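Asker: Quick note: the sequence shown uses numbering that gives the first Met the number 0, first residue 0, plus one each step. No residue lacks a Cβ here, since even glycine has one placed at the ideal position from N, Cα and C. Remember, it's a predicted structure, so these values are computed and weren't measured experimentally.
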Amino acid sequence: MTLRTKLLALSLLTLLLPWSAWKLLQELEGFLREAQEETLLASARTMAAVIPVGFQTRLLFLPEPLLPIRPLARRPSLDGYGDEWPDADQALAFESEDGALGMGVMAGSHRGSLYLMLDVRSAVRGRIRLMTRDPRGLFSYTIESQAPGPLQLRSERGGAGQMEGFWLDREDGFRVELALPLAARDTDISVVLEELSGEPARSTGSIDKSGQAGWIRLLPRWQEASQWLSRSEVESVRSWLVDSAGWVLADSAEVPGGGNSALDTGTQKTTWLQRTLYALVADSSPEPMASQWPENPVRISGPFVDNAVAGGEGSHWARELDNAAVWNTVAVPVLVEDEVRAVIVMQSASEGLLLMTNRALSRLLLTTLTLTLLLALGLWFFATHLSRRVRRLSGAVSEAMEDRTEPGELPLVGDRDELGELARNNEKLLRAVTGYSQYLQTLASKLSHELKTPLAITRSSLDNLSHRELDPETRRFLDRAQEGVDRQAAIIRAMSEASRLEAAIEAAEWDEVDLGQLVLACAEGYRTVYPG
0 MTLRTKLLAL SLLTLLLPWS AWKLLQELEG FLREAQEETL LASARTMAAV IPVGFQTRLL
60 FLPEPLLPIR PLARRPSLDG YGDEWPDADQ ALAFESEDGA LGMGVMAGSH RGSLYLMLDV
120 RSAVRGRIRL MTRDPRGLFS YTIESQAPGP LQLRSERGGA GQMEGFWLDR EDGFRVELAL
180 PLAARDTDIS VVLEELSGEP ARSTGSIDKS GQAGWIRLLP RWQEASQWLS RSEVESVRSW
240 LVDSAGWVLA DSAEVPGGGN SALDTGTQKT TWLQRTLYAL VADSSPEPMA SQWPENPVRI
300 SGPFVDNAVA GGEGSHWARE LDNAAVWNTV AVPVLVEDEV RAVIVMQSAS EGLLLMTNRA
360 LSRLLLTTLT LTLLLALGLW FFATHLSRRV RRLSGAVSEA MEDRTEPGEL PLVGDRDELG
420 ELARNNEKLL RAVTGYSQYL QTLASKLSHE LKTPLAITRS SLDNLSHREL DPETRRFLDR
480 AQEGVDRQAA IIRAMSEASR LEAAIEAAEW DEVDLGQLVL ACAEGYRTVY PG
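#1: Using alpha carbons as the reference points, say which of E83, E449, I343 lies closest to S300.
#2: Go through the stretch 441–516 residue by residue and report every complete run of the alpha helix (DSSP H) that reaches 4 residues or more, in order.
#3: Assuming P109 and L71 are in contact, meaning their beta carbons sit under 8 Å apart, how far apart are those beta carbons, in whole angstroms?
#4: Going by CA-CA distance only, name the one from L31, L12, V333, D185 that's closest to R44.
#5: Output yes or no for whether 9 Å exceeds the beta carbon distance between P67 and L218.
#6: What residues match up with H384 in a beta bridge as DSSP calls it?
#7: Please report the distance separating the alpha-carbon of E496 from that of D478.
#8: Go to Q25, then tell me how far its alpha helix (DSSP H) extends in each direction, as first and last residue.
#9: Taking the beta strand (DSSP E) that E227 belongs to, which residues open and close that run?
#10: Taking N306 as part of the beta strand (DSSP E), name the residues at either end of that continuous run.
#11: Select from K5, L12, P17 the residue whose C-alpha is nearest the C-alpha of R362.
#12: Distance, Cα to Cα, Q481 vs L461?
#13: Out of curiosity, what's the CA-to-CA distance linking N425 and T433?
#14: Cutting at 7 Å between CB atoms, please list the residues of its own chain near E143, excluding the five before and the five after it.
#15: Please classify L563: does DSSP put it in a helix, a strand, or coil?
#16: Tell me the residue span of the beta strand (DSSP E) that contains V333.
#17: Residues in the same chain with beta-carbon distance under 6 Å from R124, minus the five sequence neighbours each way, listed in chain order, please.
#18: My understanding is that M46 touches S231, with C-beta atoms under 8 Å, so please give their C-beta distance in whole angstroms.
#19: Out of curiosity, what's the CA-to-CA distance linking W246 and A90?
#20: Relative to the C-alpha of F206, which candidate in E63, E417, V308 has its C-alpha closest?
#21: Taking just the CA atoms, how far does A488 sit from H466?
#22: If we ignore side chains and look at the alpha-carbon of each, how far apart do E28 and L40 end up?
#23: What would DSSP say about L411, mapped onto helix, strand or coil?
#24: Using C-beta distances below 7 Å, list every residue in its chain close to S283, excluding the 5 sequence neighbours before and after it, in chain order.
#25: Nearest CA to the CA of G111: which residue from T366, T186, F93, A422?
#26: In or out: L58 buried (at least 16 other Cβ within 10 Å) or exposed?
#27: State the DSSP-derived secondary structure class of S314, mapped to helix, strand or coil.
#28: If we call anything under 9 Å between Cβ atoms a contact, is A249 one with R220?
#29: Provide the residue(s) that pair with L240 in DSSP beta bridges, ordered along the chain.
#30: Looking at the secondary structure, which residues open and close the alpha helix (DSSP H) in which R57 lies?
#31: Given R298, which residues of its chain have a CB within under 6 Å of its CB, disregarding the five upstream and five downstream residues?
#32: Please name the residue in V254, Q440, W214, V119 whose C-alpha comes closest to that of L500.
#33: I need the boundaries of the beta strand (DSSP E) containing S154, first residue and last residue.
#34: Quick one, are the C-beta atoms of F60 and E223 less than 9 Å apart?
Set out below in structure tokens:
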């Protein structure tokens with residue numbers, strides 16, 4: 000691995016900076032959520048503790064079963080479809096013992112008029128017996144139709160006026176939408192669904208334990224409680240008072256200027272990338288809302304409400320899919336005579352958490368990734384420059400060693416860093432090696448020159464000695480001495496010839512040789528000597 004690659008890999012450690020900031024941002028997001036949740040719970044506890052005595056009394060004697068009258072934005076067109084009904088899936092449900100027969104009842108009011116929606120689930124045709132009572136008296140109706148369409152009903156006891164409606168058949172039953180000639184206050188109803196065929200005959204509805212038709216109290220919103228909620232709540236918070244079944248008894252948003260600010264936040268759209276990054280930042284991110292929170296909820300349900308009904312406290316987080324709204328909903332029980340009679344539900348919706356996290360995340364990514372990129376590029380350029388300097392120094396040293404001449408000034412010797420010091424040390428080493436090589440090259444000629452004189456003296460002495468009369472043993476030693484002198488003379492001649500040959504080779508001019516012709520000439524010569 001090259002030096003440049005190593006430094007580039009080392010620069011990846013700078014990614015620890017955005018990772019640590021990412022973890023810090025996660026902790027910040029969790030802290031903000033915990034702080035907002037605790038603040039909202041504290042407000043809900045305070046409201047549950049100071050609820051007026053009059054409301055406590057009404058809660059203590061709250062009828063059961065009850066059916067809240069949901070406010071309708073406009074007069075329903077009696078067609079059985081229920082487009083004008085808010086929270087059409089929230090109804091007071093009844094079911095037969097075997098579960099084959101079911102009915103949902105909804106009540107609504109518009110400008111003092113009362114409307115009912117009866118959603119029936121049945122495999123066979125049935126009929127509905129409806130009774131109403133108010134200060135004017137008791138009235139009963141039988142709702143039965145052979146074909147879908149408008150209904151014109153009159154009370155069997157008279158005096159109630161004509162009731163209009165619409166019968167709509169569906170795949171699993173039918174739906175009846177009615178406009179009652181009654182006021183929306185102080186009204187009770189009794190609804191019983193009976194099958195006209197089938198064995199055994201089944202029925203369901205507001206039937207008590209003795210099998211008699213029971214009464215359902217139609218309960219309008221408590222305007223006084225709604226006003227109290229609106230005056231008591233904090234800014235950007237919406238409050239509800241719900242019973243133990245989750246039915247909304249009072250809503251702060253029903254008071255002009257109260258409780259709506261929480262619903263008006265989250266209007267700023269966020270991109271897909273921002274939502275994805277926020278989901279990655281929040282380890283326990285709020286779950287996406289499957290649908291928009293209703294403007295006027297009729298029933299509020301969920302695990303957080305169930306916890307409050309059981310005597311504890313509940314909290315729920317959610318975020319909208321197409322904007323920056325983050326919703327926190329809490330529920331606190333209302334105790335009357337040491338029993339849970341109702342629940343205070345408060346909701347705070349704000350852009351604060353998500354937008355703050357997105358802004359911080361954007362700055363974080365922009366800053367840390369830019370710094371990481373710049374640092375990686377800087378290290379890469381530094382490694383490239385360093386590698387180029389090292390290669391220059393290495394090439395100059397190799398060239399000086401091959402030439403075996405007096406080395407010139409190496410590159411980088413003037414630099415003041417470690418490479419400059421290395422270049423200066425290499426220059427000193429090359430000069431020492433060159434001087435030693437030159438000394439070794441001239442050593443042979445110097446030795447041959449210096450050895451010729453003592454060798455000549457030795458040879459002349461041996462020649463003079465050989466002309467004298469010597470005994471055989473001495474003559475033998477003399478011959479051996481002369482052989483040694485001859486060998487020394489041969490070595491000196493070889494040293495002189497080698498020095499001259501090296502000098503001749505260095506002075507010779509280079510020439511190109513055709514190796515093919517050389518090999519052919521050698522082969523012809525060997526063929527002449529060795530014809531076989």
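Answerer: In brief:
#1: Cα-wise, what sits closest to S300 is I343.
#2: You should have 471–506.
#3: Checking the sequence, you will find His at residue 109 rather than Pro. Between L71 and H109 the Cβ distance is about 4 Å, and since that is below 8 Å, they are a contact.
#4: The shortest C-alpha separation from R44 is found at V333.
#5: Taking 9 Å as the cut-off, the Cβ atoms of P67 and L218 count as close.
#6: H384 is not bridged to any residue.
#7: Cα to Cα, E496 sits roughly 27 Å from D478.
#8: Q25 -> alpha helix (DSSP H) spans 15–48.
#9: The residue you asked about is not Glu; residue 227 is Trp in the sequence shown. According to the DSSP assignment, W227 belongs to no beta strand (DSSP E) but to the alpha helix (DSSP H) extending over 222–231.
#10: Where N306 is concerned, there is no enclosing beta strand (DSSP E), although the alpha helix (DSSP H) it sits in stretches over 302–308.
#11: Comparing Cα positions, the closest option is P17.
#12: For the pair Q481 and L461, the Cα-to-Cα distance works out to about 7 Å.
#13: Approximately 12 Å between the Cα atoms of the pair.
#14: So the qualifying residues of the chain are R126.
#15: This structure gives no information on residue 563, because the portion of the chain shown stretches from 0 to 531.
#16: It spans 325–335 - the beta strand (DSSP E) in which V333 sits, taken as one unbroken run.
#17: L195.
#18: Between S231 and M46 the Cβ distance is about 5 Å, and since that is below 8 Å, they are a contact.
#19: In this model, W246 and A90 are separated by some 10 Å (Cα to Cα).
#20: A quick correction: the sequence has Ile, not Phe, at residue 206. Closest by alpha carbon: E63.
#21: Cα to Cα, the separation comes out at about 21 Å.
#22: Their Cα atoms are separated by approximately 18 Å.
#23: Correct three-state label for L411: coil.
#24: Only weak support exists for where S283 lies, its pLDDT of 49 falling under 50; the value from the coordinates is given anyway. So no residue of the chain qualifies.
#25: Cα-wise, what sits closest to G111 is T186.
#26: Classification of L58: buried, given that the 10 Å Cβ count is 16 or more.
#27: Strand, per DSSP.
#28: Result yes, Cβ atoms of A249 and R220 sit closer than 9 Å.
#29: The beta-bridge partner set that DSSP reports for L240 consists of A249, I343.
#30: From DSSP, the alpha helix (DSSP H) with R57 extends over 52–59.
#31: If we look at R298 and ignore the five residues flanking it on each side, its Cβ neighbours are Q89, G245, W246.
#32: Per the Cα distances, Q440.
#33: In the DSSP assignment, S154 falls outside any beta strand (DSSP E) and carries neither an H nor an E.
#34: Their beta carbons are not under 9 Å apart, which means F60 does not touch E223 by this criterion.
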